[in-house]
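In the working numbering, the protein residues as written are 233 to 528.
Every residue gets a Cβ at the ideal spot worked out from N, C-alpha and C, and that includes glycine.
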């Protein structure tokens, strides 16, 4: 089996249990709860409004873990578009308060799909932190293996993280629009096919459909069936080559709010594809801007 080119970005449960007491290790539960928008008048614009999962974190988590609250700590609250990336200063402050320094080895996990861990991974990656890993299989695999849990939050000492920005990781709608006629860029829609083709009545982001020239690759396809475990390097490579990622210069992933897109971007990075960006606004923004083209 071929190893991932960037195998250090994915760690296994046995590795974490053996190394969790290392003074440089910082473990974070990143889970959030994707709920339907309670405002019926807004539901066909922004159908999903995730909320914090911190209450569940306090019930059971990996020993030594802290909690990173994506919907509240790492999201821009000044815009009506859900889940937009918070300003850099807010992100850096949140990560420092959580105990992260440039010397830290950060290990991220979610319960269920690793989409939330991947979101935080991509944020930290965009800020220049390289020693970051996702726990393969997440909390569920940890529990299935009978490993220890805790209900006590780890209070790390405030960190001194200093960012080195990688501005190409998260891009805006103008940058995406400029690529729709560029054959050297592949736009990857990472939600299920019924959202891609507009037939899903529960997930409508203002308008039905997808960004023109996109291809569809649901984020679930980079995972083992009914699992939070990432596919092997060989299987991932085959899936990505089947959609032509090796035939273009640039790759852009998007979804509803940049979360599922982060998992596919992470999987691409794991294989060594460096030309990957995430459209931060995704369909929450694009679908509700009638000046932008759309396809079904």
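Three or more pairs of CB atoms, one per stretch, sit closer than 8 Å, so the segment 495 to 503 contacts the segment 233 to 248. Apart from the 5 residues on each side of it in sequence, residue 257 sits with its Cβ closer than 7 Å to the Cβ of 251, 337, 339 in its chain, given in chain order. Minimum Cα-Cα distance from residue 440 among the listed residues 522, 273, 311 corresponds to 522. For residue 247 and residue 417, the gap between their C-alpha atoms comes out near 37 Å. The beta carbon of residue 329 sits closer than 7 Å to those of 390, all from its chain and outside the five residues before and after it, given in chain order.
The three-state reading of DSSP puts residue 355 in helix, counting H, G and I together.
In terms of Cα proximity to residue 426, the closest of 420, 442, 485, 509 is 442. For residue 272, the number of other beta carbons within 10 angstroms of its own is below 16, and it is reported as exposed. For residue 258, the uninterrupted beta strand (DSSP E) segment begins and ends at 257 to 261.
The DSSP-derived three-state label of residue 302 is helix. Around the beta carbon of residue 293, 16 or more other beta carbons sit within 10 angstroms, so the residue counts as buried.
When C-alpha distances from residue 283 are compared across 305, 454, 382, the shortest belongs to 305. Judged by DSSP secondary structure, residue 427 falls within the alpha helix (DSSP H) whose first and last residues are 425 to 428. Residue pairing from DSSP places residue 340 in a beta bridge opposite 260, 366.
Judged by their CB atoms, residue 354 and residue 302 are not nearer to each other than the 8 Å cut-off. The C-beta of residue 509 has 16 or more other C-beta atoms within 10 Å across all chains shown, which makes the residue buried.
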